[in-house]
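Here is the structure we will look at, set down as structure tokens.
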Amino acid sequence: MDRRKFIKAGMLGGVASALPLNAAHAEVKNQEPIPGALGMLYDSTLCVGCQACVAECQKINGTPVNPKGEQTWSNNDKLSPFTRNVIQVWSEGEGTNKDQPQNGYAYIKKQCMHCVDPNCVSVCPVQALTKNPKTGIVGYDPDICTGCRYCMVACPFDVPKYDYDNPLGQISKCELCNQKGVERIDQGKLPGCCHVCPTGAIIFGSREELMAEAKRRLSMTQGTDYEFPRQHVNSKDKYQAKIPAYEQHIYGEIEGGGTQVLVLSGVPFENLGLPQLDEIATGARAAHLQHTLYRGMILPLVGLAGLTFITYRNMHSKKPEHHQEEDNNE
């Protein structure tokens, strides 16, 4: 085969590899939510910013306090190797009106969102991050983690944090208090943050139950009296309050393929630092792209054609001048 044929073969291979990508783009699908998957509903309008959830989380998980600040849990204003959840506050203008966009303020709980189709699990090369097939909880195994930190890059919520000061290195993230050595859910207990929240701003349950509860609140008229369940979505322990002016959307229903931690708010979600995400998870796109490229061995064949051409070119390129002189002398 001459050089022209090699180039033609490589071009045809490139075209062949591109065709299925365009044709199959519409076929990209997220993983379906696991039936009965566990999660939490955070209602920002009910949060009073007491940070009891932050203190309880650190107590249950044995998380050390931040050594670079005052030795109190309240100095953790963002996710770090020393926190698995934090309460942040947004404010605008005078910041006097709770849960109102104008001159208002609102709270947001930051933690692992336990995505339906988690990007961190997709990129982890050693399966240190896994999604439990029954509960849907995204768990982390520090014993097999290599510290590559791909999960930090992949997470659209900027959740996993790496302890650079630890010589062994370790990722910190929420596991709904059900990781090895804690296992509260397996013992029939609630995640610590849900257990101590005084207003029911954060409640535990299955994703289906939490979604139904969130939709019920959004469907009600502002100012209507409502008994908000505390601790668990089906709890008989209620908190009496009025239905606020909600943003008419459940954050986590579709964002990034959906999450098992859902959020309701009285102000736009972007004000609270929650990213606007496509409905298709990045991990789903990456997996689909990889499967498409390798379908029918298209990508390896294109690569082989390219390597073969390079080899052919090097073997039949013009000889060096000193070799030509030797040939002339002969």
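Mapped onto my numbering, the consecutive letters of the sequence shown carry residue numbers -12 to 317. Virtual Cβ for every residue (Gly too), placed ideally from N, Cα, C. All values reported here derive from a predicted model rather than from experimental measurement.
Contacts around Cys107, its chain only, beta-carbon distance under 6 Å, and the 5 residues preceding and following it disregarded: Hits under 6 Å: Leu116, Cys138, Ala141 and Cys142.
Beta-ladder partner(s) of Phe215, from DSSP: Tyr226
Range covered by the alpha helix (DSSP H) that runs through Met139: Tyr137 to Ala141
The region 30 to 37 in contact with the region 181 to 194 per 3-pair CB rule at 8 Å: With contact defined as three or more Cβ pairs closer than 8 Å, the region 30 to 37 and the region 181 to 194 are in contact.
Extent of the continuous beta strand (DSSP E) to which Asn353 belongs: The first residue shown for the chain is -12 and the last is 317, placing residue 353 beyond what the model contains.
Lys46 - DSSP class collapsed to helix/strand/coil: helix
Neighbourhood of Ile267 by C-beta distance below 7 Å, restricted to the same chain and skipping five residues each side: Closer than 7 Å at Cβ, skipping near neighbours: Val15, Asn17 and Gly244.
Coil, strand or helix - Ser159 by DSSP: strand
Three CB pairs or more closer than 8 Å across the region 120 to 139 and the region 79 to 96: no
Best match in Gln247, Thr50, Pro68 and Lys160 for proximity to Ala201 [C-alpha to C-alpha]: Put simply, of Gln247, Thr50, Pro68 and Lys160 the residue whose alpha carbon is nearest the alpha carbon of Ala201 is Gln247.
Beta-carbon proximity of Gly179 to Glu43, cut-off 8 Å: yes
The region 202 to 209 in contact with the region 231 to 240 per 3-pair CB rule at 8 Å: yes
C-alpha gap between Phe296 and Met302, whole angstroms: 10 Å
Identity of the residue in Gly91, Tyr92 and Pro216 nearest Glu196 by Cα: Pro216
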